[in-house]
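Colleague: The structure under discussion is supplied below as structure tokens; questions concerning it will follow.
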Amino acid sequence: MKITIVDYNIGNLKSVLRSFLIHSKNVYLSNNPNDISDSSHIVIPGVGSFNDGMKNLISSGFYDSILNKYNTDNNTKILGICLGMQLLSSYGDEGGHCKGLNLIKGNISKLQSSNTQKVPHVGWNDIEIKKHHKIIDNIKNKSDFYFTHSYKFEVNDYSSILATTSHAEVFNSIVAINNVIGVQFHPEKSGDSGLKLIYNFLNL
Numbered sequence: 000m001k002i003t004i005v006d007y008n009i010g011n012l013k014s015v016l017r018s019f020l021i022h023s024k025n026v027y028l029s030n031n032p033n034d035i036s037d038s039s040h041i042v043i044p045g046v047g048s049f050n051d052g053m054k055n056l057i058s059s060g061f062y063d064s065i066l067n068k069y070n071t072d073n074n075t076k077i078l079g080i081c082l083g084m085q086l087l088s089s090y091g092d093e094g095g096h097c098k099g100l101n102l103i104k105g106n107i108s109k110l111q112s113s114n115t116q117k118v119p120h121v122g123w124n125d126i127e128i129k130k131h132h133k134i135i136d137n138i139k140n141k142s143d144f145y146f147t148h149s150y151k152f153e154v155n156d157y158s159s160i161l162a163t164t165s166h167a168e169v170f171n172s173i174v175a176i177n178n179v180i181g182v183q184f185h186p187e188k189s190g191d192s193g194l195k196l197i198y199n200f201l202n203l
């Protein structure tokens with residue numbers, strides 16, 4: 000097993016690295032796209048805008064290396080966290096229309112707000128489990144996770160929705176197609192539930 004956390008210069012990734020090291024010593028924070036080819040698990044974290052994230056992913060070489068790995072080895076496990084989840088989509092409009100990795104079909108759009116629930120959505124909120132997947136083994140329905148985002152992932156295929164969350168509207172908080180998984184929250188900041196999810200990912 001080799002777990003590579005993709006460092007494409009978008010956010011502080013030390014907390015992500017620490018949370019994965021709790022479960023495995025075979026975790027590497029890498030800014031070298033060549034490290035993807037022999038990775039069993041790929042983690043795409045990140046905070047910021049979709050457009051900036053994709054620009055960095057492409058310019059760093061990770062865009063091509065991740066897609067090449069996925070297309071040649073469909074047993075590769077991929078986890079997108081927060082912005083990383085959104086980059087798994089087909090396209091997004093934050094910062095200008097921009098293509099994504101297109102590993103889970105769908106698009107990224109702005110979260111709605113209400114008089115009492117504003118955007119960005121920051122803080123603890125619970126998930127409503129819609130469909131079972133190994134990524135949520137031993138995670139109870141209505142478990143709390145930590146969110147910080149202004150955009151949401153609208154999937155084309157509703158069967159890819161594993162969990163939703165409500166904040167002024169209902170949005171997708173966990174999506175998956177086989178071994179490609181996206182979580183809108185930050186598992187590394189989500190206490191025991193977040194650590195369980197990381198453990199589950201490493202044991203897919």
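Just so you know, the sequence shown maps onto residues 0 to 203 in numbering that gives the first Met the number 0.
Glycine included, C-beta positions come from ideal geometry on N, C-alpha and C.
According to DSSP, what are the bridge partners of ALA175?
Modeller: Working through the sequence shown from its first residue, we reach residue 175 at position 176. Beta-bridge pairing links ALA175 to ILE180.
Colleague: Quick check on the burial criterion: 16 or more other C-beta atoms within 10 angstroms. Buried or exposed for HIS148?
Modeller: Mapped onto the sequence shown, residue 148 falls at position 149. The residue in question, HIS148, is buried, as its Cβ has 16 or more Cβ neighbours within 10 Å.
Colleague: Between LYS109 and the rest of its own chain, which residues show a CB-CB distance below 7 Å, the 5 nearest in sequence each way excluded?
Modeller: Counted from its first residue, the sequence shown places residue 109 at position 110. Answer for LYS109: SER149, TYR150, listed in chain order.
Colleague: With contact counted as at least three CB pairs below 8 Å, one residue from each stretch, are the stretch 0-10 and the stretch 48-66 in contact?
Modeller: Contact between the stretch 0-10 and the stretch 48-66 is present, because at least three Cβ pairs lie under 8 Å.
Colleague: Note down, in chain order, each residue of its chain lying with its Cβ closer than 6 Å to the Cβ of VAL5, except the 5 sequence neighbours on either side.
Modeller: Within the sequence shown, numbered from 1, the residue matching residue 5 stands at position 6. Taken in chain order, the residues that qualify are ILE43, PHE61.
Colleague: Opposite ASP143 in the DSSP bridges: which residues?
Modeller: If you number the sequence shown from 1, residue 143 lands on position 144. According to DSSP, ASP143 bridges with ASP125.
Colleague: Measure from the alpha carbon of THR176 to the alpha carbon of each residue in GLN116, TYR157, GLY91, ASN124, then state which is nearest.
Modeller: Position 177 of the sequence shown, counted from the start, is the residue given in the question as residue 176. In the sequence as displayed, the identity of residue 176 is Ile instead of Thr. For the residues GLN116, TYR157, GLY91, ASN124, the minimum Cα distance to ILE176 belongs to TYR157.
Colleague: Starting from SER58, trace the alpha helix (DSSP H) both ways and give me its first and last residue.
Modeller: Residue numbering aside, residue 58 sits at position 59 when the sequence shown is read from its first letter. Unbroken alpha helix (DSSP H) run through SER58: 49-58.
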